[in-house]
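Asker:
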Amino acid sequence: MAETPPAPGQENQQTLSNLLQESRRFPPPPELAAEANVRAEAFAAADADRLGFWAEQAGRLRWERPWDTVLDWQPPFAKWFVGGKLNAAVNCVDRHVEAGRGDKVAYHWEGEPGDTRTITYAQLKDLVCQAANALEELGVTKGDRVAIYMPMIPETVVAMLACARIGAPHMVVFGGFSADALGSRLDDSDAKLVITADGGYRRGKPSGLKPAVDEALRSRPGVRNVLVVRRTGQDVEWTEGRDVWWHDVVERQGTEHAAPAHDAEDPLYIMYTSGTTAKPKGILHTTGGYLTQVSYTHWAVFDLKPETDVFWTAADIGWVTGHSYIVYGPLSNGATSVMYEGTPDTPHRGRFWEIVQKYGVTIAYMAPTAIRTFMKWGEDIPAQYDLSSLRVLGSVGEPINPEAYVWYRKNIGGDRVPVVDTWWQTETGAIMVSPLPGVTEAKPGAAMRPLPGISVDVVDDEAKSVPDGGGGFIVVREPWPSMLRGIWGDPKRYEETYWSRFEGLYFPGDGAKRDEDGDIWLLGRVDDVMLVSGHNISTTEVESALVAHAKVAEAAVVGATDPVTGQAIVAFVILRGEAGEGGEELVRELRDHVGSSLGPIAKPRQILVVPELPKTRSGKIMRRLLRDVAENRTLGDVSTLTDAKSIETLRDVFQGASGSDD
Ligand code: 6R9
Numbered sequence: 001m002a003e004t005p006p007a008p009g010q011e012n013q014q015t016l017s018n019l020l021q022e023s024r025r026f027p028p029p030p031e032l033a034a035e036a037n038v039r040a041e042a043f044a045a046a047d048a049d050r051l052g053f054w055a056e057q058a059g060r061l062r063w064e065r066p067w068d069t070v071l072d073w074q075p076p077f078a079k080w081f082v083g084g085k086l087n088a089a090v091n092c093v094d095r096h097v098e099a100g101r102g103d104k105v106a107y108h109w110e111g112e113p114g115d116t117r118t119i120t121y122a123q124l125k126d127l128v129c130q131a132a133n134a135l136e137e138l139g140v141t142k143g144d145r146v147a148i149y150m151p152m153i154p155e156t157v158v159a160m161l162a163c164a165r166i167g168a169p170h171m172v173v174f175g176g177f178s179a180d181a182l183g184s185r186l187d188d189s190d191a192k193l194v195i196t197a198d199g200g201y202r203r204g205k206p207s208g209l210k211p212a213v214d215e216a217l218r219s220r221p222g223v224r225n226v227l228v229v230r231r232t233g234q235d236v237e238w239t240e241g242r243d244v245w246w247h248d249v250v251e252r253q254g255t256e257h258a259a260p261a262h263d264a265e266d267p268l269y270i271m272y273t274s275g276t277t278a279k280p281k282g283i284l285h286t287t288g289g290y291l292t293q294v295s296y297t298h299w300a301v302f303d304l305k306p307e308t309d310v311f312w313t314a315a316d317i318g319w320v321t322g323h324s325y326i327v328y329g330p331l332s333n334g335a336t337s338v339m340y341e342g343t344p345d346t347p348h349r350g351r352f353w354e355i356v357q358k359y360g361v362t363i364a365y366m367a368p369t370a371i372r373t374f375m376k377w378g379e380d381i382p383a384q385y386d387l388s389s390l391r392v393l394g395s396v397g398e399p400i401n402p403e404a405y406v407w408y409r410k411n412i413g414g415d416r417v418p419v420v421d422t423w424w425q426t427e428t429g430a431i432m433v434s435p436l437p438g439v440t441e442a443k444p445g446a447a448m449r450p451l452p453g454i455s456v457d458v459v460d461d462e463a464k465s466v467p468d469g470g471g472g473f474i475v476v477r478e479p480w481p482s483m484l485r486g487i488w489g490d491p492k493r494y495e496e497t498y499w500s501r502f503e504g505l506y507f508p509g510d511g512a513k514r515d516e517d518g519d520i521w522l523l524g525r526v527d528d529v530m531l532v533s534g535h536n537i538s539t540t541e542v543e544s545a546l547v548a549h550a551k552v553a554e555a556a557v558v559g560a561t562d563p564v565t566g567q568a569i570v571a572f573v574i575l576r577g578e579a580g581e582g583g584e585e586l587v588r589e590l591r592d593h594v595g596s597s598l599g600p601i602a603k604p605r606q607i608l609v610v611p612e613l614p615k616t617r618s619g620k621i622m623r624r625l626l627r628d629v630a631e632n633r634t635l636g637d638v639s640t641l642t643d644a645k646s647i648e649t650l651r652d653v654f655q656g657a658s659g660s661d662d
């Protein structure tokens, strides 16, 4: 693409430039396509009768009372399956036991130190009932909010389901968040009970959780009890009358609990999204619609065969991905899942692949950040394991760079396994745009098409659909069952954040393009889009061009203020294991490489080779902090960073560099 100088007054070009060209195609494996859960016809059928389609999917669940109306839509407030009653825990556990599948494994759990637990559906039912009885003994009743601040252990799932059973919305906070982050979420949700553990294992060491709870509760007398699971055996401070051990209270309870039927629109959980600058938003999900869409998408997108598959979402339960695809999706489908407590490099860098081999994992779902880390470590590591059980791979959390996609498909999927790039958000509750492994001819880096029953579009600044080949904003045109029902305690903010940008359309905040075939590519958050000489350039495309270079494993790109071009592109790159140290020559090579793949307009002003990047716990690069570094500003809020030191290292690298090398 040739560089065109900006015409006067054109500085605010409305659509995103479409720079990246990608011609690789991966059709579905014929054997998978022949037996696929979902065929191409599903799209037309859902288009012809969208509400009928979702009613059919809701029929996958057990309802104690059928609904009267599928959808009541008073924009922007939706109610799905109005009048219907069900219990999410019964749908996830009891009904499978009653159907004679009690001996089926629900979770193969693997602790980081190597301890393991196998939990069947029958055992899970007993545990959930005991925990529900214990919560009731502690005074929890329907509607009370319960905070869960836990490591990745089975009790975390049990606690969530016990809350769901009673109808007490759970509010899970990432175990890695600070006492402050926990405290502000406790305030906002007004939680009465905190469920936690002494600690969990991460990177080979026990890391404490209870101390952060103690600290947060020092100024919060409103929390009546803290229920503590003993996981690591660390010493803990104890507040008599407030703190109770899980093994004292839960284990002595009976294993039966009469589950009440909840309204389809009763709250199931609140999940806070960090919201990079402002106060975190408590995203509210309700019961019937949420469960319908997570259950359907888990079955459709991963082609789940519950009898034979072993499904593994390698993510934290404290992220929405864990809620929907470790807990509610797999359990509602009666699947067998793997759950792993720790990090991928403990005690060695082959841990994930060892787990795949050990449990015969057939479907694995993880974030691009993990995939790029594995690229950096080198392909000889997965090559040491038998990964032949795998049949579908998934990606979630960020745009997956085409090169990372191809690496994943080849080195983990043996060049035979389809990869589904699934786009969705905490707010959407479940997957919205994704290839279907038995239908779609996948393109590396593209989320492709909205799922059946979902109406997603790409629009320009005036809310008009962009033509094929155009770029703009992704929007959702029609309500969907697992959509957020609001922001906890703040209906006005809900309307302003999601429904005010485009009249009548839900605006997720992501940039996207539609290619010549009409397929959708996500281009990152619109807040991160760079305006260079009047062109809106997405961070994703420049990062993907960098990752396509044989020496680069990971890249983060930001726009920094520039006197000549408005903003200039600054790139931070992590090299692949075998690439050596970097140096001026490599930097020049990388700049030229971006220039030749995307055009001169996208050539970074500066490229810095760094050892790590600042990320959230769900693996998203925090570009806002990188912009602070690139513009020599004081750093903004770092409380949701997974490793706060990484950003200081970057600042040192940045200040040590001599600026532009041109
Ligand atoms: C599930 C989850 C949501 C934001 C979303 C977008 C980014 C997620 C993506 C993706 C491109 C994908 N995102 N999946 N971008 N391709 N396949 O991640 O929820 O933590 O709320 O983040 O993540 O920017 O708007 P959440």
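Quick note, the sequence shown lines up with residues 1 to 662 if you use the UniProt record's numbering.
In this text, a Cβ means the ideal position worked out from N, Cα and C, and glycines have one as well.
If you draw a straight line from the alpha carbon of Thr539 to that of Gly524, how long is it in whole angstroms?
Answerer: 7 Å
Asker: Taking the alpha helix (DSSP H) that Met375 belongs to, which residues open and close that run?
Answerer: Boundaries of the alpha helix (DSSP H) around Met375: Pro368 to Trp377.
Asker: Would you list, in sequence order, the uninterrupted alpha helix (DSSP H) runs of no fewer than 4 residues that lie entirely inside the stretch 200-241?
Answerer: 210-217
Asker: Quick check: the stretch 426-444 against the stretch 562-578, are at least 3 beta-carbon pairs closer than 8 Å?
Answerer: no
Asker: Is it true that the CB of Ala259 sits closer than 8 Å to the CB of Asp165?
Answerer: A small fix is needed here, since residue 165 is Arg in this sequence, not Asp. Yes.
Asker: Which partner residues does residue 666 have in the DSSP bridge list?
Answerer: Past the edges of the chain, shown from 1 to 662, lies residue 666, and the structure says nothing about it.
Asker: Report the partner residues of Ala442 according to the DSSP bridge assignment.
Answerer: Phe26
Asker: Whole alpha helix (DSSP H) runs in the stretch 559-634 with 4 or more residues, listed along the chain?
Answerer: 584-598 and 623-630
Asker: Quick one: is Asp126 buried, meaning 16 or more other Cβ sit within 10 Å of its Cβ, or exposed?
Answerer: buried
Asker: For Ile148, which three-state DSSP category applies?
Answerer: strand
Asker: By the 10 Å Cβ neighbour count, where 16 or more other Cβ atoms means buried, how is Ala314 classified, buried or exposed?
Answerer: The residue in question, Ala314, is buried, as its Cβ has 16 or more Cβ neighbours within 10 Å.
Asker: Strictly by DSSP, which residues pair up with Val475?
Answerer: Asp457
Asker: Taking Thr273 as the reference, which of Gln567, Arg617, Leu522 and Met160 has the closest Cα?
Answerer: Arg617
Asker: Less than 7 Å between the CB of Gly583 and some heavy atom of ligand 1, yes or no?
Answerer: no
Asker: Quick one: measure Cβ to Cβ for Glu495 and Ala261, integer angstroms, because I've assumed they're closer than 8 Å.
Answerer: About 31 Å; that fails the 8 Å criterion.
Asker: So, for Ile621: in the same chain, excluding its five sequence neighbours on each side, which residues have a beta-carbon less than 8 Å away from its beta-carbon?
Answerer: Thr369, Glu398, Ala556, Leu613, Pro614 and Lys615
Asker: DSSP state of Glu648, grouped into three classes?
Answerer: helix
Asker: Considering only residues of the same chain and omitting the five flanking positions on each side of Thr292, which have a CB-CB separation below 8 Å?
Answerer: Trp54, Gln57, Ala58, Arg60, Leu61, Trp80, Phe81, Pro481 and Ser482
Asker: Could you tell me which uninterrupted beta strand (DSSP E) segments, each at least 3 residues in length, are contained entirely in the stretch 152-183, listed from first to last along the chain?
Answerer: 170-172
Asker: Any residue with its C-beta under 7 Å from a non-hydrogen atom of ligand 1 counts. Can you list them all in chain order?
Answerer: Thr273, Trp319, Val320, Thr321, Ser395, Val396, Gly397, Glu398, Pro399, Ile400, Asp421, Thr422, Trp423, Trp424, Gln425, Thr426, Glu427, Ala447, Pro508, Gly509, Asp510, Leu522, Gly524, Arg525, Ser618 and Lys620
Asker: Ser295: buried (16+ other C-beta within 10 angstroms of its C-beta) or exposed?
Answerer: buried
Asker: Following the continuous alpha helix (DSSP H) through Glu35, name the residue where it begins and the one where it ends.
Answerer: That residue, Glu35, is in no alpha helix (DSSP H); it is neither H nor E in DSSP.
Asker: Please classify Ser332: does DSSP put it in a helix, a strand, or coil?
Answerer: helix
Asker: I need the DSSP call for Gln74, collapsed to helix, strand or coil.
Answerer: Of the three classes helix, strand and coil, the one that applies to Gln74 here is strand, per DSSP.
Asker: Thinking just about the alpha-carbon of each residue, which of Ala560, Thr649 and Pro479 is nearest to the one in Phe77?
Answerer: Ranked by Cα distance from Phe77, the options Ala560, Thr649 and Pro479 are led by Pro479.
Asker: Does the distance from the C-beta atom of Asn37 to that of Leu331 stay below 8 Å?
Answerer: no
Asker: State the start and end residues of the unbroken beta strand (DSSP E) segment that holds Gly511.
Answerer: Asp510 to Arg514
Asker: Rounded to whole angstroms, how far is the Cβ of Val172 from the Cβ of Met160, which I believe are closer than 8 Å?
Answerer: Contact between Val172 and Met160 is confirmed by a C-beta separation of about 7 Å, below the 8 Å threshold.
Asker: Can Ile381 and Arg416 be called in contact, C-beta distance under 8 Å?
Answerer: no
Asker: Please confirm whether Gln253 and Ala162 have their CB atoms less than 8 Å apart.
Answerer: no
Asker: How many angstroms separate the CA atom of Leu387 from the CA atom of Arg351?
Answerer: 13 Å
Asker: Put Glu3 into one of helix, strand or coil per three-state DSSP.
Answerer: Here the model assigns Glu3 a pLDDT of 39, short of 50, so the residue's position is not dependable and the matter cannot be decided.
Asker: So what's Ser295 in DSSP terms, helix, strand or just coil?
Answerer: In the three-state DSSP reduction, Ser295 falls in the helix class (H, G or I).
Asker: So, at 8 Å on beta carbons, what are the nonlocal neighbours of Ile517 in its own chain, with the 5 sequence-adjacent residues on each side left out?
Answerer: Residue identity differs from the one stated: residue 517 is Asp in this sequence, not Ile. Closer than 8 Å at Cβ, skipping near neighbours: Asp468.
Asker: Hey, Gly318 and Ser189 are a contact pair by Cβ (cut 8 Å); roughly how many whole angstroms apart?
Answerer: So it is not a contact: roughly 14 Å between Cβ atoms.
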